[in-house]
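S.K.:
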Amino acid sequence: MVSTTGPVWRPDDGTNPAPAQPIPSDSADIYRPDVLETIASAVKELDAELKELSLDIHAHPELGYEEYHAHDAYTAFLEKHNFEVTRKYHLETAWKATFTNGQPGEGRVIGINSEMDALKGIGHACGHNLIGIAGVAVAHALRSAMQKHDIKGKIVLLGTPAEEGGAGKVKLLDKGAYEEMDVCLMCHPAPGPVGSVSLTGCLAVGQITAEYTGHTAHAALSPWEGKNALDAAVLAYNNISALRQQLKPTVRVHGIFEGKDWAVNIIPDYAKYNCLVRAPTSSEMHAVIKRVIPCFEAAALATGTQVTIKTPVALTEIRQNKALGQEVERITKGRYGGKREVNWEEWGIKDASTDFGNVTHALPSLHPGFAIPTVVDGGNHTRAFAASAATPEAHQVCLDISIALAGAGVRVLLDDKFWMEVKTSFEEDKERIKQGF
Numbered sequence: 001m002v003s004t005t006g007p008v009w010r011p012d013d014g015t016n017p018a019p020a021q022p023i024p025s026d027s028a029d030i031y032r033p034d035v036l037e038t039i040a041s042a043v044k045e046l047d048a049e050l051k052e053l054s055l056d057i058h059a060h061p062e063l064g065y066e067e068y069h070a071h072d073a074y075t076a077f078l079e080k081h082n083f084e085v086t087r088k089y090h091l092e093t094a095w096k097a098t099f100t101n102g103q104p105g106e107g108r109v110i111g112i113n114s115e116m117d118a119l120k121g122i123g124h125a126c127g128h129n130l131i132g133i134a135g136v137a138v139a140h141a142l143r144s145a146m147q148k149h150d151i152k153g154k155i156v157l158l159g160t161p162a163e164e165g166g167a168g169k170v171k172l173l174d175k176g177a178y179e180e181m182d183v184c185l186m187c188h189p190a191p192g193p194v195g196s197v198s199l200t201g202c203l204a205v206g207q208i209t210a211e212y213t214g215h216t217a218h219a220a221l222s223p224w225e226g227k228n229a230l231d232a233a234v235l236a237y238n239n240i241s242a243l244r245q246q247l248k249p250t251v252r253v254h255g256i257f258e259g260k261d262w263a264v265n266i267i268p269d270y271a272k273y274n275c276l277v278r279a280p281t282s283s284e285m286h287a288v289i290k291r292v293i294p295c296f297e298a299a300a301l302a303t304g305t306q307v308t309i310k311t312p313v314a315l316t317e318i319r320q321n322k323a324l325g326q327e328v329e330r331i332t333k334g335r336y337g338g339k340r341e342v343n344w345e346e347w348g349i350k351d352a353s354t355d356f357g358n359v360t361h362a363l364p365s366l367h368p369g370f371a372i373p374t375v376v377d378g379g380n381h382t383r384a385f386a387a388s389a390a391t392p393e394a395h396q397v398c399l400d401i402s403i404a405l406a407g408a409g410v411r412v413l414l415d416d417k418f419w420m421e422v423k424t425s426f427e428e429d430k431e432r433i434k435q436g437f
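When the letters of the sequence shown are read in order and numbered with UniProt numbering, they come out as residues 1 to 437.
#1: In angstroms with no decimal places, state the Cα-to-Cα distance between residue 51 and residue 395.
#2: If you draw a straight line from the alpha carbon of residue 475 to that of residue 200, how long is it in whole angstroms?
#3: What distance in whole Å lies between the Cβ atoms of residue 204 and residue 425, which are believed to be in contact at a cut-off of 8 Å?
#4: Does the stretch 164-177 touch the stretch 331-341, meaning 3 or more C-beta pairs lie closer than 8 Å?
#5: For a test of the three-state rule: what should DSSP assign to residue 86, helix, strand or coil?
#6: Hey, is the stretch 207-215 in contact with the stretch 262-273, meaning 3+ C-beta pairs nearer than 8 Å?
#7: Tell me which same chain residues have a C-beta within less than 6 Å of the C-beta of residue 114, skipping the five on either side of it?
#8: Whole angstroms are fine: how far does the CA of residue 229 sit from the CA of residue 109?
#9: Quick check on residue 469: does DSSP put it in helix, strand or coil?
#10: Distance, Cα to Cα, residue 81 vs residue 141?
#11: Are at least three pairs of beta-carbons, each pair with one atom in the stretch 154-168 and one in the stretch 86-102, less than 8 Å apart?
#12: How about residue 302 and residue 195: are their beta carbons less than 8 Å apart?
#13: Three or more C-beta pairs under 8 Å: does that hold for the stretch 43-57 against the stretch 66-74?
#14: Applying the criterion that 16 or more other CB atoms from any shown protein chain within 10 Å of the CB defines a buried residue, is residue 95 buried or exposed?
#15: Report yes if the C-beta distance between residue 315 and residue 380 is below 8 Å; otherwise report no.
#16: Are the CB atoms of residue 238 and residue 153 within a distance shorter than 8 Å?
#17: On the DSSP letters alone, give me the boundaries of the alpha helix (DSSP H) that residue 408 sits inside.
#18: Taking 8 Å as the cut-off, does the stretch 325-333 touch the stretch 385-404 (at least 3 CB pairs, one atom from each stretch)?
#19: What residue range does the alpha helix (DSSP H) around residue 50 cover?
#20: Does the Cβ of residue 288 lie closer than 7 Å to at least one heavy atom of the ligand NAP?
#21: Would you list the residues sitting across from residue 276 in a DSSP beta bridge?
#22: Determine the DSSP secondary structure at residue 184, reduced to helix, strand or coil.
#23: Check this for me: beta carbons of residue 286 and residue 192, under 8 Å apart or not?
#24: Spatial neighbours of residue 279 within its chain, please: C-beta separation below 7 Å, excluding the five flanking residues on both sides.
#25: Taking the beta strand (DSSP E) that residue 99 belongs to, which residues open and close that run?
#26: Name the DSSP bridge partner or partners of residue 308?
#27: I need the DSSP call for residue 160, collapsed to helix, strand or coil.
#28: Hey, how far is the Cα of residue 312 from the Cα of residue 167?
#29: Take residue 265 and list the residues in its own chain whose beta-carbon comes closer than 6 Å to its own, dropping the five residues that flank it on each side.
#30: Just tell me which of 361, 185, 234, 369 has its CA closest to the CA of residue 344.
#31: Go ahead and label residue 428 buried or exposed: buried means 16 or more other beta carbons lie within 10 angstroms of its beta carbon, across all protein chains shown.
#32: Can you name the residues that DSSP bridges to residue 370?
#33: Among 437, 299, 419, 392, whose alpha-carbon lies nearest the alpha-carbon of residue 47?
#34: State the start and end residues of the unbroken alpha helix (DSSP H) segment that holds residue 136.
#35: Spatial neighbours of residue 256 within its chain, please: C-beta separation below 8 Å, excluding the five flanking residues on both sides.
#36: Which one of 419, 76, 216 has the shortest CA to CA distance from residue 365?
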């Protein structure tokens, strides 16, 4: 579902600067440097295996709900590393891996997500191979810290299918897969200065499908006998294009036509228009949908066709937990000084959408973007980005953000005061949502 309108940041010459090297973690801003060092060491020791796993997933791209290779590869990897694994968890290609230190119910529960699916025709052009191994890295690092420092709590790592349009996390959320989690963490690659971290949110998105049915006829001999479903879809497209002039610049409306049994000498009696409506908040998105639907209805009226309109999927915007984000920022700046930028307004996937947004409305969550090397016009959902997602540099910065996420997770487990800040941030944000912000 992540689909950018073009990154804010563009490389000047098609290349990115070399990733910054970490500096000694003795900053006063870093919570428990000893635990963070354990986390970093755990990620480093798994580096080669994670790279092999990432490239394996990258070489076997699978569409949503068809991630059979990825399902088996991840679950076998986690079983090998002694996690308790549940295959086919609620959904055919979803899975769960857990680790508990202490008695059941002792300590807090850190949730983590690994995405798996690719895009039709262009493979892992959103870098889900990196997202997947990041989840594994965070889980492994947290477990190492919990074991070495005797930290009580539980890790729940979910393999989540069908992010690209299939709303896999929404289905898992509805089935109770997130209920025991206290927080949930994941990350996402994007263009930007290499290694920079983005804590922007993203747009809410609603799907509209309009199916037009008409009547076939010979396109030359007797076109007056027909009712042209394709004409209806084209009119709807043009209606929406006219509407865009009156929509806010933060709104996105875009779609494609689909058909069946089309031939140039036959008036089409069927056409489908798949449309996505995006806006900064769910309330704004639903308001725009109310204006878009008449565009479809008017097209049917003008062409004498019938239209069936459905709104099957609605995903909320991402609500980044401020306290968790600030902790990732502290760790990143503490490890790299001024060599890595952390921002709350630019880069990342701020103009895209994801099913993780619904998770962020349900519990305190964080979804930072991390910048990998890209080329000009080679942002998310391009073949160039798919190539970028398999580079050694992208792998390294993926591990770097994994360390920061694991550090934030371990602080949730250890620091009661910080945990209260996380919960307070979540509750305050819920009030802002009620007010439409």
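Here a beta-carbon is modelled for each residue, glycine too, at the ideal position from N, C-alpha and C.
M.R.: So, from the data block:
#1: Rounded to the nearest whole angstrom, the C-alpha separation of residue 51 and residue 395 is 7 Å.
#2: This structure does not reach residue 475, given that the chain is present from 1 up to 437, and the question cannot be answered.
#3: Contact doesn't hold; Cβ gap of about 20 Å is too wide.
#4: The way I'd put it, the stretch 331-341 doesn't touch the stretch 164-177; fewer than three beta-carbon pairs between them come closer than 8 Å.
#5: strand
#6: yes
#7: 132, 135, 159
#8: 52 Å
#9: Since the first and last residues shown for the chain are 1 and 437, residue 469 lies out of range.
#10: 12 Å
#11: Yes, they touch.
#12: no
#13: Pairwise C-beta distances place the stretch 43-57 in contact with the stretch 66-74, as three or more of them are shorter than 8 Å.
#14: buried
#15: no
#16: no
#17: 392-414
#18: With a cut-off of 8 Å on Cβ pairs, the stretch 385-404 is in contact with the stretch 325-333, counting three or more such pairs.
#19: 47-59
#20: Looking for the ligand NAP in the displayed structure turns up nothing, as the structure carries no ligands at all.
#21: 207, 254
#22: strand
#23: no
#24: 203, 204, 250, 251, 285, 288
#25: Start and end: 95-101.
#26: By DSSP's assignment, residue 308 forms a beta bridge with 211.
#27: The answer is strand: DSSP assigns residue 160 an E or B state.
#28: 10 Å
#29: Result list for residue 265: 219, in chain order.
#30: 369
#31: exposed
#32: 189, 197
#33: Of the candidates 437, 299, 419, 392, the one whose C-alpha sits nearest the C-alpha of residue 47 is 392.
#34: Start and end: 128-148.
#35: Only 273, 274 meet the Cβ criterion.
#36: 419
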